[in-house]
Amino acid sequence: AELSISSHDPLRAFDGKGLCAHCGHTMKFYCYDCLVPSPALQDQLPRGLSLPTHVLLWKHPSERSSKATGLQAKILAPSDVMVIVQHPSEGGALIAPHDPSRTLLLYPCDDAQPLSAIDPASHDALVVIEATWQQSRAMVNTLRRTHPAIRPVTLSARVETKFWRHQDVGPHCLATIEAIYYALRDIAEKRDMRTSRL
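Residue numbers (my numbering): 30 to 227.
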């Protein structure tokens with residue numbers, strides 16, 4: 030499963046910093062707080078992408094935004110990605126307005142099903158965890174206790190990370206933005222197959 034990505038040249042060529050027009054903080058590529066790209070890159074990045082399902086990105090408050098790759102999904106598809114910053118001790122991610130029974134959780138739980146086995150008409154949203162592996166376990170336990178109807182899923186195929194910041198838990202542990210990409214690709218392919226049969 031090869032990634033097809035655009036040239037990095039605009040990012041490599043960009044060496045300046047600017048101020049976020051919303052909050053006034055210094056930023057380079059994008060503002061970590063407002064999740065908007067640098068004005069100098071605004072016209073060079075894909076924006077307003079339409080995703081095959083809504084993504085609810087639950088970020089642990091201790092996870093540094095500068096390391097949280099999933100936040101980039103919000104920049105690329107602001108209408109289809111919601112970011113939730115909440116500690117698991119606060120009762121779990123608030124997934125409203127989504128129905129928990131129509132919401133999937135991307136996480137390798139023991140009872141998780143591959144996305145290829147999920148009917149695409151059965152869900153409207155996908156929860157993705159943005160945290161360290163140690164933090165994520167408490168988040169998943171809280172989420173499943175708070176919203177027991179949520180169904181855990183995994184990617185349809187095992188893929189290896191291409192991300193430059195390697196983790197020491199193995200090559201199949203993806204960066205969050207990679208996991209989002211592969212999950213959305215699985216969902217889109219399954220929907221295309223279903224549509225072609227109708």
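Note that the Cβ used here is the ideal one computed from N, Cα and C, for glycine as well.
None of these values were measured; they are calculated from a predicted model.
- Going by C-alpha positions, Q115 is about 11 Å away from T171.
- Excluding five sequence positions before and after K57, the CB atoms of its chain that fall closer than 6 Å to its own CB belong to K46, given in chain order.
- With a 10 Å radius around the Cβ and a threshold of 16 neighbouring Cβ atoms, S95 comes out exposed.
- Look at Y211 here: in three-state DSSP terms it is helix.
- When DSSP reads this structure, V84 sits in a beta bridge with V110 and L155.
- Considering only L184, P90 and E92, the residue with the shortest C-alpha distance to L133 is L184.
- With respect to the C-alpha of A150, the residue from V157, E218, D38 and E92 having the closest C-alpha is E218.
- Within its own chain, the residues whose Cβ lies closer than 7 Å to the Cβ of L70, once the five positions on either side in sequence are excluded, are P39, F43 and F58, listed in chain order.
- The secondary-structure analysis by DSSP pairs P66 across a beta bridge with Y59.
- Residue nearest to A146 within the set A178, L155, I206 and D215 is D215 (criterion: CA-CA distance).
- Per DSSP, the unbroken beta strand (DSSP E) holding R180 starts and ends at R180 to T183.
- T175 is not a Cβ neighbour of E92, given a cutoff of 8 Å.
- From the listed residues H127, S67 and L144, the smallest Cα separation to D153 is found for H127.
- Spatial neighbours of K103 in its own chain (CB-CB distance under 6 Å, excluding positions within 5 residues in sequence) are listed in chain order as L64, V110 and V112.
- Separation of the CB atoms of V182 and P143 is rounded to 7 Å, and the pair is thereby assigned contact status at 8 Å.
- Apart from sequence neighbours up to five positions away, the residues of its chain that approach V169 with a beta-carbon distance below 6 Å are Y136, ordered along the chain.
- Residue burial annotation: A186 is exposed, with fewer than 16 other C-beta atoms found within 10 angstroms of its C-beta.
- For L135, the enclosing beta strand (DSSP E) has its first and last residue at T132 to L135.
- Its chain contains P117 as the residues whose beta carbon lies nearer than 6 Å to that of A167, once the 5 sequence neighbours on both sides are disregarded; these appear in chain order.
- DSSP places L74 in the coil class of the three-state scheme, outside both helix and strand.
- Secondary structure note for R174: its alpha helix (DSSP H) is the uninterrupted segment W162 to T175.
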